[in-house]
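Student:
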Amino acid sequence: MGAGELKLEIKQLIVSALELEDLQPENIVDTEPLFGEGLGLDSIDALELGVALKKKFGVTFSAENTDNKKHFASINALAAYIEAESGQ
Amino acid sequence: MAFRFALLADKLKKGPHKIKGSLGEKYVAAYCRKVTLAWCLFFVLNGSVSAFTVFALPEAAWALYNGGISYILMGAFFAVELAIRNIKDKTTPRAIPLSAFTPTSRKADAVLCYSGAFSSGKHLTWADFLAGTAALRRVVEAAPQRRWVLYCQDYGHFLLAYAALLQCNKEVWLSAHLSAAYVAEMAAEAQEETALLCDDEAALGFWPCSFYVPRILEAPLTPPHSQEAPPIHAQASHIVIYTSGTTGNPKAVCHSLGELEADNAFILAQWGEELLKHKLCSTVSPHHIYGLLYSVMLPFTLGIPFRRERLECAESFAQLAGEPHCIVSVPALLKRAVEVAPEGGFGLASPWLFSSGGAIPLQTAAAVERVIGVWPIEIYGSTETAGVAWRQSKAGAEWTPFEGVQLWKTEEGCLGLNSPCIGGEEGFVTGDLVDLLEDGRFCLQGRADAVVKIEEKRVSLTEVENRLLLCGLVEEAAVVALEDKRQFLAAAVVLNAAGKKRFENMPKRLVNAHFREHLQPFLENTLIPKRWRYVEALPQNPQGKRLQQEVAALFAPPAPPAPLPPLPPLPPLPPLPPLAPLTKTLLLPHGLAASLREYSPPHTASVMFSLPESSPYFDGHFPGFAILPAVAQFELVYACARQLFSPPGETLFVHSAQRIKFMARVAPDAPLCLELRLEKQAPAAQTPQRLRFALKSPGGETVYSTGAIAFQTSKGPP
Chain A
377 MGAGELKLEI
387 KQLIVSALEL
397 EDLQPENIVD
407 TEPLFGEGLG
417 LDSIDALELG
427 VALKKKFGVT
437 FSAENTDNKK
447 HFASINALAA
457 YIEAESGQ
Chain B
-4 MAFRFALLAD
6 KLKKGPHKIK
16 GSLGEKYVAA
26 YCRKVTLAWC
36 LFFVLNGSVS
46 AFTVFALPEA
56 AWALYNGGIS
66 YILMGAFFAV
76 ELAIRNIKDK
86 TTPRAIPLSA
96 FTPTSRKADA
106 VLCYSGAFSS
116 GKHLTWADFL
126 AGTAALRRVV
136 EAAPQRRWVL
146 YCQDYGHFLL
156 AYAALLQCNK
166 EVWLSAHLSA
176 AYVAEMAAEA
186 QEETALLCDD
196 EAALGFWPCS
206 FYVPRILEAP
216 LTPPHSQEAP
226 PIHAQASHIV
236 IYTSGTTGNP
246 KAVCHSLGEL
256 EADNAFILAQ
266 WGEELLKHKL
276 CSTVSPHHIY
286 GLLYSVMLPF
296 TLGIPFRRER
306 LECAESFAQL
316 AGEPHCIVSV
326 PALLKRAVEV
336 APEGGFGLAS
346 PWLFSSGGAI
356 PLQTAAAVER
366 VIGVWPIEIY
376 GSTETAGVAW
386 RQSKAGAEWT
396 PFEGVQLWKT
406 EEGCLGLNSP
416 CIGGEEGFVT
426 GDLVDLLEDG
436 RFCLQGRADA
446 VVKIEEKRVS
456 LTEVENRLLL
466 CGLVEEAAVV
476 ALEDKRQFLA
486 AAVVLNAAGK
496 KRFENMPKRL
506 VNAHFREHLQ
516 PFLENTLIPK
526 RWRYVEALPQ
536 NPQGKRLQQE
546 VAALFAPPAP
556 PAPLPPLPPL
566 PPLPPLPPLA
576 PLTKTLLLPH
586 GLAASLREYS
596 PPHTASVMFS
606 LPESSPYFDG
616 HFPGFAILPA
626 VAQFELVYAC
636 ARQLFSPPGE
646 TLFVHSAQRI
656 KFMARVAPDA
666 PLCLELRLEK
676 QAPAAQTPQR
686 LRFALKSPGG
696 ETVYSTGAIA
706 FQTSKGPP
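Protein chains in written order, with the numbering used here: chain A, 377 to 464; chain B, -4 to 713.
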């Protein structure tokens, strides 16, 4: 799977899983922060998104993992994490 | 001398004729200054003459002056000053409340109120007032009832009837609504025989003991009868205001006349001087506390003429051009006035404006100043508390409490208060959230019932709205709490001119992002609205109260995109009770049951049930505020659908929940009707079958939710 394709899939997943309004997957910028400013997601969205990512890509985000924040920083970071995990 | 000023000092603070805070305070103060100066001059002269007699004149002359002439001069001076004081006293404007007037309080030809315009000459004078109240007293005294419902549309009739009832020691009941059923309800609340005094012919038929004010006034009494005025006791006279209350349940609130007059006294002390220059007209019914205090009692006490007819619509402000008027109004009407005002405003001459009943948004207040010519003075109060505080928002949003009002903040953050207008020690706790400032003023932070929890975080909807207003691009904002898979806030925004210009042609997601960023510094992410609607106006009822449900309806999600993406089938749900034969009863989870109302196999059915508060469905979502969450609604739909629509030998199981649209909260124990409709499809199709459902009240007046679930079937029992 190409990196671009993966990123688009993640974006589609974000929009559908979080039922984001007024937003197309392609509107999401790869480098933009997902939480806080940028997309404005919150901790509840993070839980929801974690579940959706697990279902779709089989990647897990455990509660103890302090790197979660880093993985969720942006589309780029998420894609890198998923690629690394599925590459193992 | 010392004795005289001591008397004055005593008068300053207490008693019925207290000077401090009274209307004539400034006149008295100015007069006292002049008198003091005159006495000082007199003593200097007197002392000089006396000294002259000591040193330059024979002892006999000294004795004559200091032992006689000096005292005669002093006495003469005192007598002259007393005479001047009496003349001055007559021309000093005086506040004369209902509990203190006598037949000679005002001149016989003094105008109390007028019809139409003051210049039309249709005046009701002090003499008419005395004659009219005397005639009304004859009728009232002859009736045995102690409690009287007073309903007069004409402020003049109202004043006369109100005064006459109080003079006869009757308890006055007021209600802004008057229908046969309502009068009966009020009478039932009063728990004793009640009479009705009104100027509405239609209302006469409502009650066996009714009196028509205009007919009684056709035969006013003449002197000497009209020269009597039985005193009204401020503390022993009671007025009961029957209001719809904020909860919708009618409620009787009792005040003594003294409590109401204390409210008037503050207004007079604050603005009496200014108000004396105005005629008064009102848009507020005298059957509300605000209308009673400001449209009837205030002008009577001040002695300024008031218009007998209510100003019914905003357009009628135009009739007030020419003479200076004090307008008593409410935010909803003022807002309308801004909309209908002619170019350049109504052209009113030095107007004065009171508003109460709700806060006026800053921008509206500015617009009101533009069209009416004065920034409104807002009064904060309620039926229970009468007036509490005031502000002119031009100078800031803070409210300044009336004199004698004590404020505190309750644990819940609400404003508690006590004042001379509230009987009793414990005071009154409002439903308004407050921020008490060190200087004694306070800011209102919205209604306590506007506080919600979003995913365990408390937030005041009003606060979020106010934050949005502060960005300068928003005219009005309404924030509501919603829930689908999660709880979230949603904002409906009316952009102002600057906002419309700024966001012209901008995609909605960027407008959303702008407001999100504006709120970011003040609110946690979870509390920033997730959904946004930009509308021309917020749904409101005619009184200007916002319709929260209709705001929420703006956020109904769009229909889901069809067709469904193929999903792996979900594992079957945990086993349910064995399939019941199709009788009139369906089994629901948690030991509940539903009864079948209609059933037309194989595709439609409706079932009836209700959920007790003890049901686990209501657990823990919002402590103290039970709601039925989406997952529970899906489970109920599934339980019914499985029993009703499973083909022979097969069982339905959920393929996917498609959507749910919430329209109203499902309360515990509410009777519910669930309508189910399975979409038809070819018998052999293996695609999921869609079931649409609607949860309604049995009569269909309320729709709680609608939605769709996709089902598949599997062979055999689950």
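Using N, Cα and C, we set each Cβ at its ideal position, and we do this for glycine too.
Here the structure is a predicted model, which means the values were calculated and not measured.
Is the beta carbon of GLY253(B) less than 8 Å from the beta carbon of ILE91(B)?
Tutor: Residue 253(B) sits at position 258 when you count from the first residue of the second sequence. Residue 91(B) sits at position 96 when you count from the first residue of the second sequence. No; because the gap between Cβ atoms is not below 8 Å, this pair is not in contact.
Student: In angstroms, rounded to a whole number, what distance separates the CA positions of VAL248(B) and LYS675(B)?
Tutor: Your numbering for residue 248(B) matches position 253 in the second sequence. Your numbering for residue 675(B) matches position 680 in the second sequence. Distance between the alpha carbons of VAL248(B) and LYS675(B): 60 Å.
Student: Find the nearest neighbour of ILE523(B) within the set GLN543(B), HIS282(B), LYS246(B), SER455(B), judged by alpha-carbon distance.
Tutor: Residue mapping note: residue 523(B) aligns to position 528 of the second sequence, counting from 1. Answer by Cα proximity: SER455(B).
Student: Can you list, in chain order, the residues of its chain whose CB lies under 6 Å from that of GLY376(B), leaving out five sequence neighbours each side?
Tutor: Residue numbering aside, residue 376(B) sits at position 381 when the second sequence is read from its first letter. Closer than 6 Å at the Cβ level, and outside the excluded window around GLY376(B), lie GLY382, VAL383.
Student: So what does SER205(B) bridge to, in DSSP terms?
Tutor: Here residue 205(B) refers to the residue found at position 210 when the second sequence is read from its first residue. Answer is LEU191(B).
Student: Can you name the residues of chain B whose CB is closer than 7 Å to the CB of LEU399(A)?
Tutor: Looking up residue 399(A) in the first sequence gives position 23. ARG504, listed in chain order.
Student: Looking at the structure shown, is ALA384(B) part of a helix, part of a strand, or coil, going by DSSP?
Tutor: Translated into the one-based positions of the second sequence, residue 384(B) becomes position 389. Three-state DSSP puts ALA384(B) in a strand.
Student: Output, in sequence order along the chain, the residues in the stretch 487 to 518 of chain B whose CB is closer than 8 Å to any CB in chain A.
Tutor: Result list: PRO502, LYS503, ARG504, ASN507, ALA508, ARG511, GLU512, GLN515.
Student: I want to see whether chain B comes within less than 8 Å of PHE411(A), judged by CB atoms only; does it?
Tutor: Within the first sequence, the letter at position 35 stands for residue 411(A). So, interface residue.
Student: DSSP three-state call for GLY342(B): helix, strand or coil?
Tutor: Sequence index remark: in the second sequence, residue 342(B) carries index 347 (1-based). Reduced to three states, the DSSP call for GLY342(B) is coil.
Student: Using three-state DSSP, classify ILE390(A) as helix, strand or coil.
Tutor: The residue given as residue 390(A) occupies position 14 in the first sequence. Note: ILE390(A) maps to helix in three-state DSSP.
Student: Taking Cβ-Cβ distances shorter than 7 Å, what residues in chain A pair up with THR521(B)?
Tutor: Here residue 521(B) corresponds to residue number 526 of the second sequence, with the count starting at 1. Near THR521(B) (Cβ distances below 7 Å), the residues of chain A are ASP418, SER419, ILE420.
Student: Between the C-alpha atoms of PRO401(A) and GLU385(A), what's the straight-line distance to the nearest angstrom?
Tutor: On the first sequence, residue 401(A) is found 25 positions in, with the first residue counted as 1. On the first sequence, residue 385(A) is found 9 positions in, with the first residue counted as 1. The alpha-carbon atoms of PRO401(A) and GLU385(A) are separated by roughly 9 Å.
Student: Counting only Cβ pairs nearer than 7 Å, list the residues of chain B close to ASN403(A).
Tutor: Locating residue 403(A) in the first sequence gives position 27, where the first residue counts as 1. In chain order: ARG504.
Student: For THR242(B), which residues from the same chain have a beta carbon less than 7 Å from its beta carbon, with the 5 sequence-adjacent residues on both sides left out?
Tutor: Here residue 242(B) is taken as the residue at index 247 of the second sequence, counted from 1. Per-residue confidence for THR242(B) stands at a pLDDT of 39, beneath the threshold of 50, marking its modelled position as unreliable; no derived number is given.
Student: Taking Cβ to Cβ, would you say GLU393(B) is nearer than 8 Å to LEU432(B)?
Tutor: Along the second sequence, read from residue 1 onward, the residue named residue 393(B) stands at position 398. Along the second sequence, read from residue 1 onward, the residue named residue 432(B) stands at position 437. Yes. Within cutoff.
Student: Would you kindly check if the distance between the Cβ of LEU169(B) and the Cβ of HIS282(B) is under 8 Å?
Tutor: Here residue 282(B) refers to the residue found at position 287 when the second sequence is read from its first residue. Here residue 169(B) refers to the residue found at position 174 when the second sequence is read from its first residue. Yes, they are a contact pair.
Student: Measuring only the C-alpha atoms, how far is PRO683(B) from GLU630(B)?
Tutor: Mapped onto the second sequence, residue 683(B) falls at position 688. Mapped onto the second sequence, residue 630(B) falls at position 635. About 18 Å.
Student: Would you mind reading off the limits of the beta strand (DSSP E) that contains VAL248(B)?
Tutor: Locating residue 248(B) in the second sequence gives position 253, counting from the first residue. Element bounds for VAL248(B): 246 to 251.
Student: Give the residues of chain A in contact with ARG526(B), contact being defined as C-beta atoms less than 7 Å apart.
Tutor: Position 531 of the second sequence, counting from 1, holds the residue named residue 526(B). Correct list: GLU397.
Student: Kindly indicate if chain A contains any beta-carbon less than 8 Å away from that of GLU777(B).
Tutor: Past the boundaries of the shown model lies residue 777(B); chain B is included only from -4 to 713, so the question cannot be answered.
Student: For THR646(B), count neighbouring C-beta atoms within 10 Å of its own C-beta (all shown protein chains included) and say buried if the count is 16 or more, exposed if not.
Tutor: As a first step, residue 646(B) must be located in the second sequence, where it is residue number 651. Label assigned to THR646(B): buried.
Student: Along chain A, in chain order, which residues have C-beta atoms closer than 7 Å to that of ARG462(B)?
Tutor: As a working mapping, residue 462(B) is identified with position 467 in the second sequence. Those within 7 Å of ARG462(B) in chain A number zero; the least Cβ separation is about 15 Å.
Student: Check the DSSP bridge columns for GLU166(B) and list the partner residues they point to.
Tutor: Residue mapping note: residue 166(B) aligns to position 171 of the second sequence, counting from 1. Per DSSP, ARG142(B).
Student: Within 10 angstroms of its Cβ, does TYR714(B) collect 16 or more other Cβ (buried), or is it exposed?
Tutor: Residue 714(B) lies beyond the residue range present for chain B, which begins at -4 and ends at 713; the question has no answer from this structure.
Student: Please list the terminal residues of the continuous alpha helix (DSSP H) segment that includes PHE433(A).
Tutor: By one-based count along the first sequence, residue 433(A) stands at place 57. That run of the alpha helix (DSSP H) goes 419 to 433.
Student: Step through the CB atoms of chain A and report whether any lies within less than 8 Å of the CB of ARG453(B).
Tutor: For the purposes of this step, residue 453(B) is taken as the residue at position 458 of the second sequence. ARG453(B) does not count as touching chain A.
Student: In three-state terms, what does DSSP make of ASP5(B)?
Tutor: As a first step, residue 5(B) must be located in the second sequence, where it is residue number 10. Caution is warranted here: a pLDDT of 49 is assigned to ASP5(B), below 50, making its placement in the model unreliable, and the coordinate value is therefore given only provisionally. Here ASP5(B) sits in helix by DSSP.
Student: Counting along the chain, where does the beta strand (DSSP E) carrying GLN401(B) start and finish?
Tutor: Taking the second sequence and counting its residues from 1, the one referred to as residue 401(B) is at position 406. Counting along the chain, the beta strand (DSSP E) containing GLN401(B) begins and ends at 401 to 404.
Student: What are the start and end residues of the beta strand (DSSP E) that includes SER601(B)?
Tutor: Residue mapping note: residue 601(B) aligns to position 606 of the second sequence, counting from 1. Looking at the DSSP string, the run of the beta strand (DSSP E) that includes SER601(B) is 599 to 604.
Student: Which residue marks the beginning of the alpha helix (DSSP H) containing ARG511(B), and which one marks its end?
Tutor: Along the second sequence, read from residue 1 onward, the residue named residue 511(B) stands at position 516. Its alpha helix (DSSP H) spans residues 503 to 514.
Student: Give the interface partners of ARG302(B) over in chain A, defined as CB-CB distance under 8 Å, in chain order.
Tutor: Working through the second sequence from its first residue, we reach residue 302(B) at position 307. Neighbours of ARG302(B) on chain A: none; closest Cβ ~52 Å, over 8 Å.
Student: Can you say whether ALA260(B) is buried or exposed, counting buried as having 16 or more other CB atoms within 10 angstroms of its CB?
Tutor: In the second sequence, counting from the first residue as 1, residue 260(B) sits at position 265. Burial call: buried.
Student: Would DSSP call ASN413(B) helix, strand or coil?
Tutor: Numbered from its first residue, the second sequence carries residue 413(B) at position 418. Three-state DSSP puts ASN413(B) in a strand.
Student: Using three-state DSSP, classify THR99(B) as helix, strand or coil.
Tutor: In the second sequence, the residue the question calls residue 99(B) occupies position 104. DSSP places THR99(B) in coil when its eight states are reduced to three.
Student: Using the three-state DSSP reduction, which class does HIS220(B) fall into: helix, strand or coil?
Tutor: Taking the second sequence and counting its residues from 1, the one referred to as residue 220(B) is at position 225. Residue state, collapsed to three classes: helix.
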